[in-house]
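Colleague: Pasting in a structure now, in structure tokens, and then I'll have a few things to ask.
In the working numbering, the protein residues as written are 1 to 229.
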């Protein structure tokens, strides 16, 4: 009889403990679920734009590439535009001429085209190639690797006027009031390099300098006279 009572008490105690453990498990499960929910939800008021976002970054890069391609396409269009360049073949005397080239044409190619056009009229040009010729504009010797596009887009300036105008203007040395700069450009001079070497100590070639894109020409000068911009 006593043995039976003991067994009954043990069963009741085991039942109570089992019930308590189940409640604890339920509480822990609820807490865990709540934590998961809190981690998943975002606060819409918090700025997260600084956080890594692969899709957003990819979209930005694609847009940049698109704009770059559009810009390059536009520049190619500009380079293919036709430009009439007025120049003077200079052998001690000026011989006014003009030629049509694309804006993307380099100075070296420009000189080669002139040599081809003028070699019948000026026999000295028959014995030289592009390297034996120079293009001088606004008292600046422009290297062969530069293009008209380069000079135009950078609004390059020389000592006596802008380097980016190539159409017909009157020489500002002939303007009555030489103190006034009208932003007019002179026809560039095409000369043989050997002529320059013989005459570089004499005006006007004594004023000529090789083009330096970093040089500042805030004031134009004509001979020894300063001209305001």
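Quick reminder that beta carbons are idealized off the backbone N, C-alpha and C, glycines included. Just so we're clear, the structure is a prediction, and the values are computed from it rather than from any experiment.
Using beta carbons (cut-off 8 Å, strictly below), is residue 86 in contact with chain C?
Modeller: Checking the listed chains, one finds no chain C in this structure; it contains a single protein chain.
Colleague: Using beta-carbon positions only, say whether residue 125 and residue 102 come within less than 8 Å of one another.
Modeller: The residue given as residue 125 occupies position 125 in the chain shown. The residue given as residue 102 occupies position 102 in the chain shown. Residue 102 is positioned such that its CB atom lies no closer than 8 Å to that of residue 125.
Colleague: Report the start-end ranges of each alpha helix (DSSP H) in the region 97-139 that is 4 residues or longer and not cut off at the edges.
Modeller: 107-118
Colleague: So residue 90 is in the beta strand (DSSP E); what residue range does that whole segment cover?
Modeller: Mapped onto the chain shown, residue 90 falls at position 90. Looking at the DSSP string, the run of the beta strand (DSSP E) that includes residue 90 is 82-90.
Colleague: Are residue 142 and residue 117 touching if we call contact CB-CB under 8 Å?
Modeller: As a position in the chain shown, residue 142 is number 142, starting the count at 1. As a position in the chain shown, residue 117 is number 117, starting the count at 1. In this structure, residue 117 does not lie closer than 8 Å to residue 142 by Cβ.
Colleague: Would you say the region 154-164 touches the region 51-63, given that touching needs at least three Cβ pairs under 8 Å?
Modeller: no
Colleague: Under 8 Å between the Cβ atoms of residue 191 and residue 130?
Modeller: Within the chain shown, the letter at position 191 stands for residue 191. Within the chain shown, the letter at position 130 stands for residue 130. Contact: no.
Colleague: Between the alpha carbons of residue 165 and residue 52, how many angstroms are there, rounded?
Modeller: Sequence index remark: in the chain shown, residue 165 carries index 165 (1-based). Sequence index remark: in the chain shown, residue 52 carries index 52 (1-based). Between residue 165 and residue 52, the alpha-carbon positions lie close to 49 Å from each other.
Colleague: Reducing DSSP to helix, strand and coil, say where residue 173 ends up.
Modeller: By 1-based counting over the chain shown, the position of residue 173 is 173. Because residue 173 carries a pLDDT of 39, less than 50, the predicted location of this residue cannot be relied on, and the following value inherits that uncertainty. Note: residue 173 maps to helix in three-state DSSP.
Colleague: Measuring alpha carbon to alpha carbon, tell me which of 108, 106 and 85 ends up nearest residue 97.
Modeller: Along the chain shown, read from residue 1 onward, the residue named residue 97 stands at position 97. Closest option to residue 97, Cα to Cα, is 85.
Colleague: Is residue 93 buried or exposed, if buried means 16 or more other CB atoms sit within 10 Å of its CB?
Modeller: The sequence position of residue 93 within the chain shown is 93, counting from 1. Residue 93 is exposed by the Cβ-count criterion.
Colleague: Taking the alpha carbon of residue 213 as the reference point, which residue from 197, 207, 152 and 187 has its own alpha carbon closest?
Modeller: Locating residue 213 in the chain shown gives position 213, where the first residue counts as 1. Nearest option by C-alpha distance: 152.
Colleague: Would you give the residue range spanned by the beta strand (DSSP E) that residue 241 belongs to?
Modeller: Since the first and last residues shown for the chain are 1 and 229, residue 241 lies out of range.
Colleague: Alpha carbon to alpha carbon, how far is residue 111 from residue 193? Give it in angstroms, no decimals.
Modeller: Here the question's residue 193 lines up with position 193 in the chain shown. Here the question's residue 111 lines up with position 111 in the chain shown. Cα to Cα, residue 193 sits roughly 12 Å from residue 111.
Colleague: For residue 205, I'd like the list of residues in its chain whose CB is within less than 7 Å of its CB, leaving aside the five on either flank, ordered along the chain.
Modeller: The sequence position of residue 205 within the chain shown is 205, counting from 1. Same-chain partners within the cutoff: 196 and 199.
Colleague: Taking residue 76 as the reference, give the member of 105, 55 and 127 with the closest Cα.
Modeller: The count along the chain shown starts at 1 and reaches residue 76 at position 76. For residue 76, the closest of 105, 55 and 127 by C-alpha to C-alpha distance is 105.
Colleague: Do you know whose CA, among 155, 107 and 121, lies nearest residue 132's CA?
Modeller: The sequence position of residue 132 within the chain shown is 132, counting from 1. Closest option to residue 132, Cα to Cα, is 107.
Colleague: State the DSSP-derived secondary structure class of residue 202, mapped to helix, strand or coil.
Modeller: Here the question's residue 202 lines up with position 202 in the chain shown. Here residue 202 sits in coil by DSSP.
Colleague: How would you write the range of the alpha helix (DSSP H) that residue 59 sits in, first residue to last?
Modeller: The residue you call residue 59 lines up with position 59 of the chain shown. 54-79 is the extent of the alpha helix (DSSP H) around residue 59.
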